[in-house]
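Every number in the numbering used here is 82 more than the matching position in the sequence shown, counting from 1.
Every residue, glycine too, gets a C-beta built ideally from N, C-alpha and C.
Have a look at the structure below, then the notes.
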Amino acid sequence: MKSIIEFPKVSLGVFPTPIQKLENISRLLGTNIYIKRDDLSGLGLGGNKVRKLEFLMAQAKAEGAEIVFTTGGAQSNHAMLTAAAAGKLGMTPILLLKNRGVTECRGNLLLEKLMGTDVRFIDTDDYADIYEEMDRIGNESGKPYFKIPLGGSNALGTLGYVSCAEEIRDSGIRFDHIVCAEGSGGTMAGLTLGAKLFLTGTHVTGMMVDREPFEEITVRLMREAADLLEADLEISAADFDLLDMCGPGYAVPSEEGNAAIKLLASREGIFLDPVYTGKAFAGLLKMDSENKFTPEMNVLFIHTGGAGGLFAVH
Ligand SMILES: *Cc1c(COP(=O)(O)O)cnc(C)c1O
83 MKSIIEFPKV
93 SLGVFPTPIQ
103 KLENISRLLG
113 TNIYIKRDDL
123 SGLGLGGNKV
133 RKLEFLMAQA
143 KAEGAEIVFT
153 TGGAQSNHAM
163 LTAAAAGKLG
173 MTPILLLKNR
183 GVTECRGNLL
193 LEKLMGTDVR
203 FIDTDDYADI
213 YEEMDRIGNE
223 SGKPYFKIPL
233 GGSNALGTLG
243 YVSCAEEIRD
253 SGIRFDHIVC
263 AEGSGGTMAG
273 LTLGAKLFLT
283 GTHVTGMMVD
293 REPFEEITVR
303 LMREAADLLE
313 ADLEISAADF
323 DLLDMCGPGY
333 AVPSEEGNAA
343 IKLLASREGI
353 FLDPVYTGKA
363 FAGLLKMDSE
373 NKFTPEMNVL
383 FIHTGGAGGL
393 FAVH
């Protein structure tokens with residue numbers, strides 16, 4: 083098997099991110115709840131996409147790209163962070179965003195305006211149309227270009243969260259459960275693959291915040307990332323658990339999610355976001371209410387960021 087350090091990476095963030103114990107929430111739930119602060123990952127307003135982009139932008143650079151394309155919803159944290167990373171590395175980002183979500187100049191769209199990012203809205207429901215449009219614009223420009231998929235979730239991006247699992251192992255704390263939000267799948271797939279490789283006995287649960295076939299998506303990304311690593315593993319949906327926390331829809335706040343945001347804000351001084359981490363933490367509270375955690379367990383919540391959304395989605 084290859085080691086992750088054999089894969090080229092550009093430095094964009096600050097790692098390892100801290101792991102903190104949520105003392106007040108732990109007391110409240112009667113178990114040990116920790117948080118991994120990937121919201122403090124050190125680029126833009128932080129977030130999980132920074133780990134993926136360190137690998138993806140290295141590939142863009144190696145291919146000599148001058149333009150970097152990506153896509154997502156109107157308030158995509160991934161698109162905003164891709165623009166930030168491209169600017170930092172001297173490449174030109176072009177974002178082709180779907181109309182879905184808040185399209186006013188707030189939240190991540192405001193941050194993109196501050197960066198002077200070329201943002202274009204594409205009126206389609208199909209990402210295949212968007213990737214085609216990237217090729218059309220790229221070819222027309224006559225410049226070398228690189229396409230980053232939705233959420234940075236391909237095999238290479240997934241390695242970002244395999245390496246996060248290595249970081250968790252190196253913290254020296256043994257976790258019974260890891261909980262994260264699942265939107266495009268790379269974070270969950272990387273953590274689950276990383277747990278299989280480096281964290282024996284740690285169970286990973288993904289909190290689904292969209293309506294996609296996440297079981298298939300997660301298994302596929304795990305297998306593709308394992309292939310990159312030349313890791314010989316049996317991978318199946320039995321490796322992880324999923325919980326539907328989407329509520330009224332993707333990027334539509336849920337009551338449980340909003341309650342979780344207020345709980346962490348008031349008790350711990352930590353801000354979750356309405357699209358991903360609020361709903362994911364609500365999932366952790368649901369697991370607790372179903373007695374999934376015992377007093378001696380250690381549970382790790384991955385704070386995947388999303389601060390921009392707090393100022394756009396209510
Ligand atoms: C993208 C994102 C997620 C979901 O991660 P995936 O790897 O796309 O599943 C979770 N939280 C935040 C804040 C995000 O921006």
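Using the Cα positions of residue i and residue j, report the straight-line distance between them to the nearest angstrom.
| i | j | result |
| --- | --- | --- |
| Ile260 | Gly198 | 37 Å |
| Glu105 | Asn114 | 8 Å |
| Gly391 | Ala263 | 15 Å |
| Glu294 | Thr300 | 11 Å |
| Ala342 | Ala308 | 34 Å |
| Val132 | Ile101 | 17 Å |
| Gly272 | Ala161 | 20 Å |
| Thr269 | Gly242 | 8 Å |
| Arg349 | Tyr116 | 14 Å |
| Ala140 | Glu372 | 43 Å |
| Leu94 | Asp326 | 32 Å |
| Asp292 | Val92 | 30 Å |
| Gly129 | Val395 | 17 Å |
| Glu186 | Glu88 | 42 Å |
| Phe353 | Glu222 | 42 Å |
| Leu177 | Ile149 | 10 Å |
| Lys229 | Met216 | 7 Å |
| Thr386 | Thr359 | 7 Å |
| Pro231 | Tyr209 | 9 Å |
| Thr153 | Leu238 | 17 Å |
| Leu191 | Leu367 | 31 Å |
| Asp207 | Lys134 | 25 Å |
| Ala247 | Thr284 | 10 Å |
Based on the DSSP secondary-structure assignment, which residues constitute the bridge partners of residue i?
| i | result |
| --- | --- |
| Pro175 | Val150 |
| Ile250 | Note: Ile250 sits in no beta bridge, so no partner. |
| His385 | DSSP, once it has assigned bridges, lists no residue as partnering His385. |
| Lys180 | Ile204 |
| Asn380 | Asn114 |
| Val286 | Ile260 |
Between the options, which has its C-alpha nearest residue i's C-alpha?
| i | options | result |
| --- | --- | --- |
| Ile384 | Gly391, Gly365 and Phe393 | Gly365 |
| Leu275 | Lys180, Tyr358 and Leu315 | Leu315 |
| Gly124 | Lys103, Leu310, Pro98 and Phe137 | Pro98 |
| Pro356 | Leu367, Tyr332, Arg349 and Met369 | Tyr332 |
| Ser28 | Ser371, Arg305, Glu350 and Val184 | Coverage of the chain is limited to positions 83 through 396, which leaves residue 28 absent and any answer about it impossible. |
| Gln157 | Phe89, Arg202, Gly224 and Met369 | Arg202 |
| Leu111 | Lys195, Glu378 and Gly388 | Glu378 |
| Ile420 | Phe257, Lys368 and Leu279 | No statement about residue 420 is possible, as the shown extent of the chain runs from 83 to 396 and does not include it. |
| Asp323 | Ser245, Thr287 and Glu298 | Thr287 |
| Arg251 | Leu382, Ser108, Phe393 and Ala389 | Leu382 |
| Glu298 | Asp321, Leu311, Glu312 and His285 | Asp321 |
| Asn380 | Pro90, Lys118 and Lys84 | Lys118 |
| Asp205 | Ser318, Arg182, Gly224 and Leu196 | Arg182 |
| Thr376 | Met83, Ser108, Ala313 and Ala147 | Ser108 |
| Gly267 | His285, Arg256, Gly220 and Arg302 | Arg302 |
| Thr282 | Met369, Gly254 and Gly265 | Gly254 |
| Met289 | Gly339, Gly233, Ala142 and Leu196 | Gly339 |
| Arg188 | Ala166, Ala142, Asn159 and Leu171 | Asn159 |
In three-state DSSP terms, what is residue i?
| i | result |
| --- | --- |
| Ala394 | coil |
| Ser281 | Inspection of the sequence shows that residue 281 is occupied by Leu rather than by Ser. Coil. |
| Phe203 | strand |
| Phe363 | helix |
| Gly95 | coil |
| Asn373 | coil |
| Gly267 | coil |
| Met83 | coil |
| Gly276 | helix |
| Gly169 | helix |
| Gly189 | helix |
| Leu354 | coil |
Can you give, in chain order, each stretch of the alpha helix (DSSP H) that sits fully within the stretch 290 to 352 and has at least 4 residues?
296 to 310 and 337 to 350
Give the list of continuous alpha helix (DSSP H) stretches no shorter than 4 residues that lie fully inside the stretch 100 to 167.
105 to 111 and 131 to 144
Quick one: complete beta strand (DSSP E) runs, 3+ long, within the stretch 205 to 265?
227 to 229 and 259 to 264
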